[in-house]
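>
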Amino acid sequence: MKITAPIRALEELEMLAAAGAQELYCGIVPEEWTSRYQGAMWLNRRSPNGSGVASWAEMRRLVEEAHARALPVFVTLNAPYYTEAQMPLVLDLARRLSEEAQVDALIVSDINLLVRLSDEQLAARLHVSSVAAMLNSEAVRFLLNFGPSRVILPRSLTLAEIETITREAGRDVEIEVFLLNDGCAFEEGFCATTHHHSVGAFCTSLSGMDAAFEWSRGPLRSRRERWLRHNLADYREWVWYVNGNGCGSTPQGLPYGPCGLCAIPDLLRMGVASLKIVGREASPFKKLASVRMARDILDRAGAPRLHVIERAMSLRQEPEHCASGYMCYYKVDGAGPWRRNPLPTVAAR
Amino acid sequence: MEWCAHIAGASDLEGELSPARLAGFEPSGTLRPALELTVRLIEERFGGVRFSRGAFGNEFCEHLLPAPRVLEEARAAVRARGLAFTFLTPYASDTGIRALRELLPVLDGDEVVFNDWGVLNLLRRDFPGLTPVQGRLLNKSLRDPRVMGLYAEAPANGPAGAATLDALRRSSADCESYTGLLARFGVDILEMDSLPQGMDFSFAARGVRVGVSLPFGFISTSRVCMAAGLHYAKAEKFQPGAPCRHECQTHLVEYTYTNSPFANRDQKFLLKGNTYFYSHTAAMLRRLLEQAAHGEIHRLTFQPRLPMSSAPGGSGNGMCA
Numbered sequence: 001m002k003i004t005a006p007i008r009a010l011e012e013l014e015m016l017a018a019a020g021a022q023e024l025y026c027g028i029v030p031e032e033w034t035s036r037y038q039g040a041m042w043l044n045r046r047s048p049n050g051s052g053v054a055s056w057a058e059m060r061r062l063v064e065e066a067h068a069r070a071l072p073v074f075v076t077l078n079a080p081y082y083t084e085a086q087m088p089l090v091l092d093l094a095r096r097l098s099e100e101a102q103v104d105a106l107i108v109s110d111i112n113l114l115v116r117l118s119d120e121q122l123a124a125r126l127h128v129s130s131v132a133a134m135l136n137s138e139a140v141r142f143l144l145n146f147g148p149s150r151v152i153l154p155r156s157l158t159l160a161e162i163e164t165i166t167r168e169a170g171r172d173v174e175i176e177v178f179l180l181n182d183g184c185a186f187e188e189g190f191c192a193t194t195h196h197h198s199v200g201a202f203c204t205s206l207s208g209m210d211a212a213f214e215w216s217r218g219p220l221r222s223r224r225e226r227w228l229r230h231n232l233a234d235y236r237e238w239v240w241y242v243n244g245n246g247c248g249s250t251p252q253g254l255p256y257g258p259c260g261l262c263a264i265p266d267l268l269r270m271g272v273a274s275l276k277i278v279g280r281e282a283s284p285f286k287k288l289a290s291v292r293m294a295r296d297i298l299d300r301a302g303a304p305r306l307h308v309i310e311r312a313m314s315l316r317q318e319p320e321h322c323a324s325g326y327m328c329y330y331k332v333d334g335a336g337p338w339r340r341n342p343l344p345t346v347a348a349r
Numbered sequence: 001m002e003w004c005a006h007i008a009g010a011s012d013l014e015g016e017l018s019p020a021r022l023a024g025f026e027p028s029g030t031l032r033p034a035l036e037l038t039v040r041l042i043e044e045r046f047g048g049v050r051f052s053r054g055a056f057g058n059e060f061c062e063h064l065l066p067a068p069r070v071l072e073e074a075r076a077a078v079r080a081r082g083l084a085f086t087f088l089t090p091y092a093s094d095t096g097i098r099a100l101r102e103l104l105p106v107l108d109g110d111e112v113v114f115n116d117w118g119v120l121n122l123l124r125r126d127f128p129g130l131t132p133v134q135g136r137l138l139n140k141s142l143r144d145p146r147v148m149g150l151y152a153e154a155p156a157n158g159p160a161g162a163a164t165l166d167a168l169r170r171s172s173a174d175c176e177s178y179t180g181l182l183a184r185f186g187v188d189i190l191e192m193d194s195l196p197q198g199m200d201f202s203f204a205a206r207g208v209r210v211g212v213s214l215p216f217g218f219i220s221t222s223r224v225c226m227a228a229g230l231h232y233a234k235a236e237k238f239q240p241g242a243p244c245r246h247e248c249q250t251h252l253v254e255y256t257y258t259n260s261p262f263a264n265r266d267q268k269f270l271l272k273g274n275t276y277f278y279s280h281t282a283a284m285l286r287r288l289l290e291q292a293a294h295g296e297i298h299r300l301t302f303q304p305r306l307p308m309s310s311a312p313g314g315s316g317n318g319m320c321a
């Protein structure tokens, strides 16, 4: 099972490789796109400002030097859709990435683009983005018609659901899952909103809006309204966690945000091929810290479950956040609020 | 053009089948103005409406899948009124796919709206006698009502240039390769939402038929349901796909965009269960009805409720009350 790390500049390569990243993914937005499209029309699910590799020359060097370290590089072309007018630009970019820059895979969401690229028979393999919302094994089987080598599962899947998909389709396609950093309050592939800086993400924006409740069985009495508002407050707290604990960091500067470290032994057992660290746009330090945490746990994935959980919690350094359960991608027996056995037996060794 | 009524169950069909009567089913004071506006504008543009199809089911939550008996009753009631039948299906986990595998044998020659490629795969392989229709969740156009309406209002000097606005009004359906792919799988009807920024239906000239629901468009949906959290202890809340008590059937949240950086601070968003919706504005409804009158739209589906209804006796997810 490999660690897939985000990268946006050549200067991040050495540290990510040294920390234990085994695959890299990034984005690039050519000037032809930014000169034509503004606002919310993004090429690869990220603002073109500051989240992608800055130039074609840097992309080529990045791939070259990554390959010299035996690290494959994947590039995102994962907008939810492309129009007919956009398709020549996108296909040309894909061809250049594959044939000139020699990237190893293209990450796509739009099934139309997947089919078009499958027809192109490029050297670069095709990975299906989590934005394609492959929530069940039938959907993965359907996509196998178009030749992807990997499917990145949405972060809303439970461990049991990942296990089912991996069991049903894992022999035919690699399965990648989310491990660290940004969450998504909604089903990413079925969220028709923009994260454009003018308005921000809809999920976090909702937390600042007035909310009025209606109950269809009668007037909303104060007791019920208090109950509803209490639940809303809990939900907003959950969204805060999903949003990287309000985009915060620990006093030591380590990243917060959704985390699947405790689930690594389960994911390894299931045959998951790769663990995704989110955040192309994140700071180099956040990427480095994330890869180190992933590497640390992956290297001890064979240890007893509670040892792994304890180690993961110690790496996160904020046990109260782990204990909330709202920072977990996956519900793991023995971790977070689902802990059934007290950890001190391990700590006292 | 075809008119379709989205019903919540067989009892909706006992009586006159008109938009005005159907709109009367919705008890919510929050939703009533949008429904009344829609009924009035439909009557202004089309006069009387004759429904020829009934739709049943939901597109957003597998916990709201009906029991086979309930689906059978709804279908029988629709057919008894001389209407064609459409079954709406949601995106699904493998558990939802298993539930659909038990439900679909109830149908015979009917339409099934799929919002998940896995459901299409199931339909093609195991139920070739059913007609697949692509649901609106697989139409990926952005429809963020916070800003898309603004894009449309000021294309020249607003946040988007002409090329951006043009692209925002389209989707994958714009590409012949995509509609050709769907045709290979027997899909030639695409359901869509009416977009705040307007819609370009030029792809329909290739013989693709378009269906649009009104007056509610979806904004976003999630496997994590805020309403379902009501009956959980705090630490157990907001787990993806967690069983629920169908709290969505009795609770509605109306958000007001009070923190907008723009002037639209009175804009409303609706949350029902796991899904956020917007109501079509009068301008959007007029534009949509005009496009329908000009033959750009094959089907309009009138939703007299937010489309999250759970039929009585429906969905066994273990906790239904």
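Residue numbers (our numbering), protein chains in the order written: chain C, 1 to 349; chain F, 1 to 321.
Using N, Cα and C, we set each Cβ at its ideal position, and we do this for glycine too.
Note that the coordinates shown come from a computational prediction; the quantities given were computed from them, not determined experimentally.
Within the same chain, show all residues whose beta-carbon is closer than 7 Å to that of residue 319 (chain C), passing over the 5 residues directly before and after it, in chain order.
Excluding positions up to five away in sequence, the list reads 313.
> So, do the region 12-23 of chain C and the region 190-198 of chain C have three or more beta carbon pairs nearer to each other than 8 Å?
no
> Might you give, ordered along the chain, the residues of its own chain that have their beta carbon closer than 7 Å to the beta carbon of residue 179 (chain F), omitting 5 neighbours on each side?
173, 203, 206 and 208
> Apart from the five residues just before and just after residue 111 (chain F), which ones in its own chain have a Cβ nearer than 6 Å to its Cβ?
86, 131 and 133
> Judging by CA-CA distance, which residue of F:288, F:227, F:102 and F:52 is the nearest neighbour of residue 201 (chain F)?
Out of F:288, F:227, F:102 and F:52, F:288 has the C-alpha closest to the C-alpha of residue 201 (chain F).
> Name the residues in the region 238-255 of chain F whose C-beta lies less than 8 Å from a C-beta of chain C; which are they?
238, 239, 240, 241, 249, 250, 251, 252, 253, 254 and 255
> Just to check my reading of the structure: residue 108 (chain C) and residue 93 (chain C) have Cβ atoms closer than 8 Å, yes? What is that Cβ distance to the nearest angstrom?
Going by Cβ atoms, the distance from residue 108 (chain C) to residue 93 (chain C) rounds to 12 Å, so no, they are not a contact pair.
> Between which two residues does the beta strand (DSSP E) carrying residue 74 (chain C) extend?
73-77
> In the DSSP assignment, the beta strand (DSSP E) including residue 131 (chain F) goes from what residue to what residue?
131-134
> My guess is that residue 182 (chain F) and residue 303 (chain F) are in contact by the Cβ rule of under 8 Å, so how many angstroms apart are they, rounded?
Their Cβ separation, rounded to whole angstroms, is 24 Å, which puts residue 182 (chain F) and residue 303 (chain F) out of contact at 8 Å.
> If you count every other CB in all the chains shown that lies within 10 Å of the CB of residue 1 (chain F), and 16 or more means buried, which is it?
exposed
> Look up residue 164 (chain C) in the DSSP assignment and say whether it is helix, strand or coil.
Residue 164 (chain C) carries a helical assignment under DSSP once its states are collapsed to helix, strand and coil.
> By Cβ distance below 6 Å, which residues in the same chain neighbour residue 73 (chain C) in space, the five residues on each side in sequence not counted?
Once the five neighbours on either side are set aside, the close Cβ partners of residue 73 (chain C) are 24, 63, 66, 103 and 104.
> Return the chain-ordered list of same chain residues with a C-beta closer than 6 Å to the C-beta of residue 17 (chain F), the five sequence neighbours on each side being excluded.
51
> If you measure from the beta carbon of residue 212 (chain C) to each beta carbon in chain F, is any gap under 8 Å?
True, the Cβ-Cβ gap to chain F drops below 8 Å.
> Buried or exposed: where does residue 26 (chain C) fall if 16 or more other Cβ atoms within 10 Å of its Cβ makes it buried?
buried
> Cβ closer than 8 Å: which chain F residues qualify as neighbours of residue 97 (chain C)?
Per Cβ cutoff of 8 Å: no residues; residue 97 (chain C) is ~20 Å from chain F at best.
> Quick one: what does DSSP say residue 192 (chain F) is sitting in, helix, strand or coil?
strand
> What is the rounded straight-line gap between the Cα of residue 153 (chain F) and the Cα of residue 289 (chain C)?
45 Å
> If the criterion is Cβ atoms closer than 8 Å, does the pair residue 53 (chain F) and residue 84 (chain F) meet it?
yes
> So which residues of chain F does residue 15 (chain C) contact, with C-beta pairs closer than 9 Å?
By Cβ distance, chain F contributes nothing, its closest Cβ being about 33 Å from residue 15 (chain C), past 9 Å.
> Would you say residue 7 (chain F) faces chain C, with C-beta separation under 8 Å as the test?
Residue 7 (chain F) is outside the set of residues whose beta carbon lies under 8 Å from a beta carbon in chain C.
> Would you call the region 232-240 of chain F and the region 254-261 of chain F touching, i.e. three or more CB-CB distances under 8 Å?
no
> Closer than 7 Å between beta carbons: that is the criterion. Which residues of the region 175-192 of chain C meet it against chain F?
185, 186, 187, 190, 191 and 192
> CB residue 269 (chain F) to CB residue 216 (chain F), shorter than 8 Å?
no
> Any Cβ of chain F within less than 8 Å of the Cβ of residue 270 (chain C)?
no
> Exposed or buried, residue 392 (chain C), counting other C-beta atoms within 10 Å across all chains shown (16 or more means buried)?
Nothing about residue 392 (chain C) can be read from this structure; chain C reaches only from 1 to 349.
> Once the 5 residues before and after residue 4 (chain C) are set aside, which same chain residues still bring their CB inside 8 Å of it?
The residues are 21, 22, 23, 24, 25, 74, 176, 274, 275, 276 and 277.
> Taking three-plus beta-carbon pairs below 8 Å as touching, is the region 204-222 of chain C in contact with the region 113-122 of chain C?
no
> Quick test of the definition: if touching needs 3 or more C-beta pairs under 8 Å, does the region 137-149 of chain C touch the region 159-173 of chain C?
At 8 Å Cβ cutoff, the stretches touch.
> If the cut is a Cβ gap below 9 Å, which residues of chain C does residue 222 (chain F) touch?
156, 184, 185, 186, 187, 190, 191 and 203
> Alpha carbon to alpha carbon, what distance is there between residue 222 (chain F) and residue 291 (chain C)?
28 Å
> Can you check whether the CB of residue 310 (chain F) is closer than 8 Å to the CB of residue 249 (chain F)?
Residue 249 (chain F) places its beta carbon less than 8 Å from that of residue 310 (chain F).
> Are the beta-carbon atoms belonging to residue 241 (chain C) and residue 156 (chain C) less than 8 Å from one another?
no
> Between which two residues does the alpha helix (DSSP H) carrying residue 126 (chain F) extend?
117-126
> Do the CB positions of residue 97 (chain C) and residue 124 (chain C) come within less than 8 Å of each other?
Contact check for residue 97 (chain C) against residue 124 (chain C) passes: the beta carbons are separated by less than 8 Å.
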